[in-house]
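Notes follow once the structure below has been shown.
In our numbering, the protein residues as written are 136 to 276.
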């Protein structure tokens, strides 16, 4: 999973970064394209949390074409898929915790894209608990 990033060179020679797919832009200005892309890569999971998970909205899947892309790590991809399936089925974090027999805080970690504290197996178990499963595939770079 890769989200397109648009870099805009500003009149002062610096760069601004935005993701059309997520409807998010970074107001900071970056000295180089590489610096802007590195920042977006680090900020993407937090943006997903603030813009979508916090507001109980599905996270858009990548669609936009672009000159630059940010690869989303497999664990974050899994959390996105779990979160979107929960929204589709009308299942909240509390209900997920109940289905899994775990504390609400642990269930919350399964859908927090900004934290790396959930194993792939735990995310898979959560998908199974809500009547879904993974279907993994690979793509060429």
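Ideal Cβ positions, reconstructed from N, Cα and C, are used throughout, including at glycine. Nothing here was measured: the structure is a model prediction, and the numbers come from that model.
Assign residue i to one of two classes, buried (16 or more other C-beta atoms within 10 Å of its C-beta) or exposed (fewer than that).
| i | result |
| --- | --- |
| residue 246 | buried |
| residue 138 | buried |
| residue 263 | exposed |
| residue 152 | buried |
| residue 145 | exposed |
| residue 179 | buried |
| residue 253 | buried |
| residue 274 | exposed |
| residue 183 | buried |
| residue 175 | buried |
Who are the Cβ neighbours of residue i in its own chain at under 8 angstroms, not counting the five residues just before and after it?
| i | result |
| --- | --- |
| residue 238 | 232 |
| residue 259 | 213, 268 and 269 |
| residue 203 | 139, 140, 141, 142, 168 and 172 |
| residue 266 | 224 |
| residue 242 | 228, 229, 231, 232, 235 and 261 |
| residue 170 | 150 |
Let's see if you can read the secondary structure: which residues bound the alpha helix (DSSP H) around residue i?
| i | result |
| --- | --- |
| residue 234 | 228 to 235 |
| residue 263 | 255 to 264 |
| residue 241 | 239 to 245 |
Apart from the five residues on each side of it in sequence, which residues of its chain come closer than 7 angstroms, Cβ to Cβ, to residue i?
| i | result |
| --- | --- |
| residue 149 | 164, 165 and 166 |
| residue 250 | 244 |
| residue 198 | 156 |
| residue 217 | 245, 246, 258, 261 and 262 |
| residue 136 | 197, 207 and 212 |
Spatial neighbours of residue i within its chain, please: CB distance less than 6 angstroms, with the 5 preceding and 5 following residues excluded, ordered by chain position.
| i | result |
| --- | --- |
| residue 272 | none |
| residue 211 | 180 and 248 |
| residue 215 | 194 |
Within the segment 140 to 222, note down every full beta strand (DSSP E) run reaching 3 residues or more, in order along the chain. 150 to 154, 159 to 165 and 203 to 206
Kindly confirm or deny that the segment 152 to 159 and the segment 186 to 195 touch, where touching means at least three C-beta pairs closer than 8 angstroms. Taking a contact to require three or more Cβ pairs closer than 8 angstroms, the segment 152 to 159 and the segment 186 to 195 qualify as touching.
Touching or not, the segment 218 to 227 and the segment 190 to 202, by the rule of three or more beta carbon pairs under 8 angstroms? yes
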